[in-house]
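As structure tokens, the structure follows; a few thoughts come after it.
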Ligand SMILES: NC(=O)c1ccc[n+]([C@@H]2O[C@H](COP(=O)([O-])OP(=O)(O)OC[C@H]3O[C@@H](n4cnc5c(N)ncnc54)[C@H](OP(=O)(O)O)[C@@H]3O)[C@@H](O)[C@H]2O)c1
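In full-length UniProt numbering, the protein residues as written are 1 to 281.
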């Protein structure tokens, strides 16, 4: 990890580089090149998922980079069709094989699928993966407070991480407060609201005042809140621009402006809607 990226401690030990690189919607035919460029730009934390269909290409870029495995932080996720307890181990092994890795740093349940699967049992099966020694930490994604309570009550094991949509239009304060209470690391997906917040007049005004770009201002807000995040970008220029969030001369006024933008508006899917049949992703 380039030394200037801070590390957020994980409850079970170790830590996550706070600013990583996301790979959703990076097409397989582009993924090896894009991830190679991200690694060259300085990213050491790569967020992928079986659902994204690009684990093989991401793995090839990791291998070709020559970067020591210990310097990389790689996350993947359990895809929706494999929630049954007997399917979890094989799905995890497929992700490792596709990525060409001996172990993952973090493995998450991608969506709770609370009405179409027994997600408490799925969580117990994911927790059992820790005993293989092939994953350092396990967690969840898109879990609401209700889902978190249910898996903790059922297993006594608190997820290390909950990866949820967060951006200035969806600040998720109540859920983040619960995370803090339970010691769960918050990961923010779609940190730029897939570009939607970048033309907000108030974001533009802060960017102008601080001499930064809108994306840098939004990412600096995430970093100031202490969340882990991983914007996706297609060009080396944007990859470098986004890492520049670490150098923004952030201040309390900027924080107050961005905190004020929340309108509880999603740009991605609602976890209470995504299900095995008929749900959106
Ligand atoms: N757990 C989950 O369910 C879940 C769901 C969604 C996402 N994620 C993870 O979170 C990552 C990030 O989320 P996301 O990809 O949905 O959205 P995002 O990072 O908020 O936004 C990506 C979009 O912003 C654009 N962009 C990036 N940097 C920019 C810049 N400096 N200036 C202007 N535009 C810029 C990108 O364009 P170009 O690509 O054209 O550069 C892309 O269209 C994903 O890649 C994935 O790893 C997880």
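Beta carbons: idealized from backbone N, C-alpha and C, even for Gly. As the structure is a computational prediction, the values presented were derived from the model and not from experiment.
Stretch-stretch touch, CB-based, cutoff 8 Å, three pairs: the segment 132 to 140 with the segment 105 to 116: A contact exists between the segment 132 to 140 and the segment 105 to 116.
Near residue 98, what residues of its chain come up, given a Cβ to Cβ distance below 7 Å and the 5 sequence neighbours on each side ignored? Along the chain shown, read from residue 1 onward, the residue named residue 98 stands at position 98. So the qualifying residues of the chain are 55, 56, 59.
Are there 16 or more other CB atoms within 10 angstroms of the CB of residue 177, so buried, or fewer, so exposed? Locating residue 177 in the chain shown gives position 177, counting from the first residue. Of the residues assessed, residue 177 falls on the exposed side of the cut-off, its CB having fewer than 16 other CB atoms within 10 angstroms.
Distance cut-off 6 Å: residue 73 Cβ against heavy atoms of ligand 1: Counting from one through the chain shown, the residue named residue 73 turns up at place 73. The closest heavy atom of ligand 1 lies 6 Å or more from the beta carbon of residue 73.
Of all the beta strand (DSSP E) runs that stay within the bounds of the segment 181 to 268, which reach a length of 3 or more residues? Counting whole runs of 3 or more residues, the segment 181 to 268 contains the beta strand (DSSP E) stretches 185 to 189.
Could you tell me whether any non-hydrogen atom of ligand 1 is closer than 6 Å to the CB of residue 119? To locate residue 119, count along the chain shown from 1; it is residue 119. False, no ligand heavy atom lies under 6 Å from that Cβ.
Go ahead and pull the three-state DSSP assignment for residue 67. Here residue 67 corresponds to residue number 67 of the chain shown, with the count starting at 1. In the displayed model, residue 67 falls within coil according to three-state DSSP, outside both helix and strand.
Taking only the alpha-carbon atoms, compute the straight-line gap between residue 72 and residue 44 and give it to the nearest angstrom. Taking the chain shown and counting its residues from 1, one reaches residue 72 at position 72. Taking the chain shown and counting its residues from 1, one reaches residue 44 at position 44. Whole-angstrom Cα-Cα distance: 5 Å.
Nonlocal neighbours in the same chain, by C-beta distance under 8 Å from residue 207, ignoring five residues either side: The residue labelled residue 207 in the question sits at position 207 within the chain shown. Excluding five sequence positions before and after residue 207, the CB atoms of its chain that fall closer than 8 Å to its own CB belong to 213, 214, 216, 217, given in chain order.
Of the listed residues 227, 161, 38, 261, nearest to residue 76 (C-alpha basis): Start at 1 with the first residue of the chain shown, and residue 76 comes out as number 76. Relative to the Cα of residue 76, the nearest Cα in the group 227, 161, 38, 261 belongs to 161.
Applying the criterion that 16 or more other CB atoms from any shown protein chain within 10 Å of the CB defines a buried residue, is residue 228 buried or exposed? In the chain shown, the residue the question calls residue 228 occupies position 228. By the neighbour-count definition (other C-beta atoms within 10 Å, threshold 16), residue 228 is a buried residue.
Please say whether residue 32 and residue 236 have beta carbons closer to each other than 7 Å? Residue 236 sits at position 236 when you count from the first residue of the chain shown. Residue 32 sits at position 32 when you count from the first residue of the chain shown. Contact flag unset, no.
Residue ranges of each beta strand (DSSP E) run of no fewer than 3 residues wholly in the segment 140 to 187, ordered along the chain? As for any beta strand (DSSP E) of minimum length 3 sitting wholly inside the segment 140 to 187, the runs are 161 to 165, ordered along the chain.
What residue does the beta strand (DSSP E) around residue 78 start on, and which one ends it? Your numbering for residue 78 matches position 78 in the chain shown. Per DSSP, the unbroken beta strand (DSSP E) holding residue 78 starts and ends at 73 to 78.
Apart from the five residues just before and just after residue 280, which ones in its own chain have a Cβ nearer than 8 Å to its Cβ? Mapped onto the chain shown, residue 280 falls at position 280. Residue confidence is low: residue 280 scores 46 on pLDDT, short of 50, so the model does not pin down where it sits. Its coordinate-derived value is still stated next. Short of 8 Å from the beta carbon of residue 280, and not among the five residues preceding or following it, lie these beta carbons of its own chain, in chain order: 269, 273, 274.
Residue burial classification, residue 223 (beta-carbon count within 10 angstroms, cutoff 16): Taking the chain shown and counting its residues from 1, one reaches residue 223 at position 223. Buried, by the Cβ-count rule.
According to DSSP, is residue 138 part of a helix, a strand, or is it coil? The residue labelled residue 138 in the question sits at position 138 within the chain shown. Three-state result, residue 138: strand.
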